[in-house]
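Residue numbers (this note's numbering): 3 to 444.
Heads up, the beta-carbon is just placed ideally off N, CA and C, and yes, glycines get one too.
All remarks here apply to the structure that follows.
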């Protein structure tokens, strides 16, 4: 009698998964590394790994419809004559004109103003649309110096010195030629249609002592009125925060690797930097060690999606958060209504990240005149305002449940972690225990 071999179940490699194999084939065929936007797509410890401990017998909750829960925050009170006063602790991150369309920038300004918060210029200078519709506008001062001029520094409400970005700490950005229109070229003093790469470091300093000199220069230009922020990517948050404070920053912005970018190498996005959750505790610790916690404000960005994320960040010691990718989604980016056009580009709604190509069907990350017409700045701004309102209400709901009459009264004691990694990063106990990994040598 003969026996046939029994059928076997095939198993694919966890190391060489389908995506990795496709990337090897793409690299072999083109000889070019992959460029894309958005932030890290790999699974990382994040705010979902934390839970709040609501009030019961040992804590006294507040009534949601009868008792106040404050959301306001003041940014830049250390040295600035005119600090930024916000109604909510959620700001809009820097996203450049060039990367985004003019109508999208206007919509961000409109939405932020309706919500009582600030928006940020990004690389490439200040547009009249954004300045005209932003009650409070933060001007980014970047290594490229594109569009930078003293007049706009004075027209801003705060200045953010960008040293690094969460998606690419230590790296510069890219803006491909198809997005460098006549207007973008004029603002950046660049030739039209030629690929542009932003510098990875500022041309006129090499260390923290030079940063202190630069901050003093900016204060002199703006008559000491404007708060000076320093933004760093999530690489060495303890030391970078400490050095920014010693250089004279009013506000420190720390951007984790879930933060988005218009375009850079994917290998950079997925393999450089630290998760946002891992950046908060060291940055807060640096401020505490210097006796500057709450005196110098801390903003954290990178993957903030909802009111729970906001509340968790504030509970860990942050003064405010900043959103970028989520703000674009609120405006209408990656909307399934354009699914057929996303399919034609070889992708799908929710996965589109080739923002650098300038073919965004939603009209948000493009300079194409016809696509830009799809963005109604008034309606898009209203959607952003609605989203910010919901985030704030969600954060208030959680704070009240923890017995807090201000979002800024949330504290690490209100949190537990679901994983050992999150417990170690956030410095809060593992759920069901009083164990904080790494504390007291354990």
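In the same chain as residue 111, and ignoring 5 residues on each side of it, the C-beta atoms closer than 6 Å to its own belong to 121, 132, 135 and 136, in chain order. According to the DSSP assignment, residue 119 belongs to no alpha helix (DSSP H), since it is labelled neither H nor E. When DSSP states are grouped into helix, strand and coil, residue 339 belongs to the helix group. Under the three-pair Cβ rule at 8 Å, the segment 86-94 does not count as touching the segment 42-62. With a threshold of 16 other beta carbon atoms within 10 Å, residue 23 falls short and is exposed. Taking 8 Å as the cut-off, the beta carbon of residue 412 is found closer than this to the beta carbon of residue 401. Collapsing the DSSP output to three states places residue 256 in a strand. Rounded to the nearest whole angstrom, the CA to CA distance from residue 255 to residue 205 is 21 Å. Counting along the chain, no beta strand (DSSP E) covers residue 148, and no H or E run does either. The continuous beta strand (DSSP E) containing residue 88 extends over residues 86-88. A contact between stretches requires three or more CB pairs, one per stretch, nearer than 8 Å, and the segment 222-242 meets this requirement with the segment 279-288.
When beta bridges are read from the DSSP output, residue 176 appears opposite 199. Our two residues, residue 340 and residue 374, have alpha carbons roughly 14 Å apart in a direct line. Runs of the beta strand (DSSP E) lying entirely within the segment 234-285 and spanning at least 3 residues, in chain order: 253-257. The beta strand (DSSP E) runs lying completely inside the segment 289-316 and spanning 3 residues or more are 299-303, given in chain order. Across the structure, residue 342 and residue 376 are spaced so that their CA atoms are roughly 15 Å apart.
With fewer than 16 other beta carbons inside 10 angstroms of its own, residue 20 counts as exposed.
For residue 211, the closest of 251, 226 and 225 by C-alpha to C-alpha distance is 251. Taken through DSSP and simplified to helix, strand or coil, residue 422 comes out as helix. Ranked by how close their Cα comes to the Cα of residue 139, the residues 155, 262, 431 and 126 have 155 in first place. Spanning the alpha carbons of residue 262 and residue 9 requires a straight line of approximately 46 Å. The alpha-carbon of residue 320 is positioned some 42 Å away from that of residue 346.
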